[in-house]
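A short worksheet on the structure shown next.
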Amino acid sequence: MRILVTGGAGFIGSQFVRATLSGALLSPPDVQVTVLDKLTYSGNLANLAPVADHPGLTFVPGDITDAYLVDSVMPGHDAVVHFAAESHVDRSLIGARDFVTSNVLGTQALLDGARRHRVGRFVHVSTDEVYGSIERGSWTEDQPLAPNSPYAASKAGSDLLALAQHRSHGMDVVVTRCSNNYGRYHFPEKMIPLFITRLMEGGRVPLYGDGGNVRDWLHVSDHCTAIDLVLHRGRAGEVYHIGGGVEMTNKELTGLLLDACGAGWDRVDYVADRKGHDLRYSLDVTKIRDELGHRPAVSFEDGLADTVRWYHDNRDWWQPLLERAELRR
Ligand code: NAD
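With positions in the sequence shown counted from 1, the corresponding number in the working numbering is that position plus 3.
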């Protein structure tokens, strides 16, 4: 089996590649993985270091919007697992152009290439943010999309293009939508690694608004187990939700991170709220649980403790990234 993984040098994509090549997922032991990644500010070859010498890994540097490159890489693959995207909401509020280019045009270039070369299955990895915000209850997979940030809107556009490819051309496309991930190798601009690295450096952490926004958290390894189940056993043309069932406010999460890093609330700056900040996301995950048997294996307590320990032990990985993680407003 040959799998093309886009964005495989990023946070979640690299976890998927490491797990696939180490035999932890459902792919056969002789699986071949091609990573296509542009190595943007968040892409990092160091994320693939544990499998760098694996004979099943091929790395192709390049942009998914480059149709000629996509056309040359695609032949011979049985499946595409598409992670590559601009992924940070705050960056999309500063400038949305790269989000539209990579997330929308890039996805279409891959869909076109996969169809031309008759790739069997295309897994499009997406987010709960495409639905907007929900005060109570949870979204099911048939909920209409109502994204608020430019990031979420670009992901919603790419989801619809992926599903259209199935409906128009009968292509074997499956879409996953997941809640917030955390874990090792997470670029230090997103809340959990940003707070951990700032606290470890003796610095301060910014909490948006009153900290009341609610997110659901899932360990990145559980996200990848679910994507792998969808890759091997999901039904074509379907959307599958993936979530952790661990909802908490950003303020509650801040308290846990302060405790884990031995710091107090005096290290927290309350900053002006993010523009259009969605109050709450919540996915109903009944479908993937009942149909594919997916249940998260990592408790939030264990996952967070492992993550904090990993950042403590791997300063060499994150310290060179700190400058790149700063937002230039
Ligand atoms: P990330 O920013 O860590 O990684 C993105 C990767 O894509 C990087 O390696 C980057 O170099 C690459 N990339 C970006 N634009 C590219 C382009 N034009 N051509 C080739 N490569 C390109 O992001 P992540 O957190 O690993 O997210 C991966 C996917 O999962 C995204 O599609 C995101 O929308 C989705 N997702 C993320 C989360 C989360 O909590 N992080 C939750 C749900 C869904």
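Every residue, glycine too, gets a C-beta built ideally from N, C-alpha and C.
Quick caveat: nothing in here was measured; it's all calculated off a predicted structure.
Are the CB atoms of G122 and V178 nearer to each other than 8 Å?
-> Sequence index remark: in the sequence shown, residue 122 carries index 119 (1-based). Sequence index remark: in the sequence shown, residue 178 carries index 175 (1-based). The sequence given here has Val at residue 122, not Gly. Cβ atoms of V122 and V178: not closer than 8 Å.
V126: CB within 7 Å of a non-hydrogen atom of the ligand NAD | If you number the sequence shown from 1, residue 126 lands on position 123. V126 Cβ: outside cutoff for every heavy atom of the ligand NAD.
Kindly indicate which three-state DSSP category R118 falls into: helix, strand or coil?
-> The residue you call residue 118 lines up with position 115 of the sequence shown. Helix at R118.
Three-state secondary structure (DSSP) at N253?
-> Taking the first residue of the sequence shown as position 1, residue 253 is located at position 250. N253 falls in the helix class under three-state DSSP.
Around the C-beta of I351, are 16 or more other C-beta atoms found within 10 angstroms, so that it is buried, or is it exposed?
-> This structure leaves residue 351 out entirely; the chain is present only between 4 and 332.
On the three-pair Cβ rule with 8 Å, is the region 201 to 211 touching the region 262 to 273?
-> The count of Cβ pairs closer than 8 Å, one atom from the region 201 to 211 and one from the region 262 to 273, reaches three, so the stretches are in contact.
Nearest-angstrom Cα separation, counted from A99 out to S30 | In the sequence shown, counting from the first residue as 1, residue 30 sits at position 27. In the sequence shown, counting from the first residue as 1, residue 99 sits at position 96. Counting only the Cα atoms, A99 lies some 36 Å from S30.
For K254, collect the residues of the same chain with a Cβ closer than 8 Å to its Cβ; drop the 5 residues on either side in sequence, then sort them by chain order.
-> Here residue 254 is taken as the residue at index 251 of the sequence shown, counted from 1. In chain order, L210, D213, G214, G215 place their CB closer than 8 Å to the CB of K254, counting only its own chain and leaving out the 5 sequence neighbours on each side.
Where does D198 fall in DSSP's three states?
-> Here residue 198 corresponds to residue number 195 of the sequence shown, with the count starting at 1. According to the sequence as given, residue 198 is Phe; it is not Asp. Helix at F198.
Bridge partner(s) assigned by DSSP for Q35 = Residue 35 sits at position 32 when you count from the first residue of the sequence shown. Beta-bridge pairing links Q35 to R5.
Compute the minimum distance between the beta carbon of G116 and the heavy atoms of the ligand NAD, and state whether it is under 7 Å.
-> The residue you call residue 116 lines up with position 113 of the sequence shown. Every heavy atom of the ligand NAD is 7 Å or more from the Cβ of G116, so no.
Quick one, are the C-beta atoms of L234 and N184 less than 8 Å apart?
-> Counted from its first residue, the sequence shown places residue 234 at position 231. Counted from its first residue, the sequence shown places residue 184 at position 181. Going by C-beta atoms, L234 is not nearer than 8 Å to N184.
What are the boundary residues of the beta strand (DSSP E) that R218 is part of?
-> For the purposes of this step, residue 218 is taken as residue 215 along the sequence shown, with counting starting at 1. 217 to 222 is the extent of the beta strand (DSSP E) around R218.
Cα-Cα, which of D305, L282, E144 is closest to V217?
-> Position 214 of the sequence shown, counted from the first residue, corresponds to residue 217. Distance from the Cα of V217 is smallest, within the candidate group D305, L282, E144, for L282.
Is it right to say S157 is buried, meaning 16 or more other beta carbons lie within 10 angstroms of its own, or is it exposed?
-> Here residue 157 corresponds to residue number 154 of the sequence shown, with the count starting at 1. Flag for S157 reads buried.
Rounded to a whole number of angstroms, what is the C-alpha to C-alpha distance between D101 and A328?
-> Along the sequence shown, read from residue 1 onward, the residue named residue 101 stands at position 98. Along the sequence shown, read from residue 1 onward, the residue named residue 328 stands at position 325. Cα-Cα distance, rounded: 17 Å.
Counting pairs of beta carbons, one from the region 237 to 252 and one from the region 284 to 301, are three or more of them closer than 8 Å?
-> By the criterion of at least three beta-carbon pairs nearer than 8 Å, the region 237 to 252 is in contact with the region 284 to 301.
How would you call D319, buried or exposed, if buried means at least 16 neighbouring beta carbons within 10 angstroms?
-> Here the question's residue 319 lines up with position 316 in the sequence shown. Answer is exposed; the Cβ neighbour count stays below 16.
So what's Y188 in DSSP terms, helix, strand or just coil?
-> The residue labelled residue 188 in the question sits at position 185 within the sequence shown. Three-state DSSP puts Y188 in coil, outside helix and strand.
In terms of alpha-carbon separation, which member of H127, M77, M174, G186 lies closest to S161?
-> The residue given as residue 161 occupies position 158 in the sequence shown. Measuring from the Cα of S161, the nearest candidate turns out to be H127.
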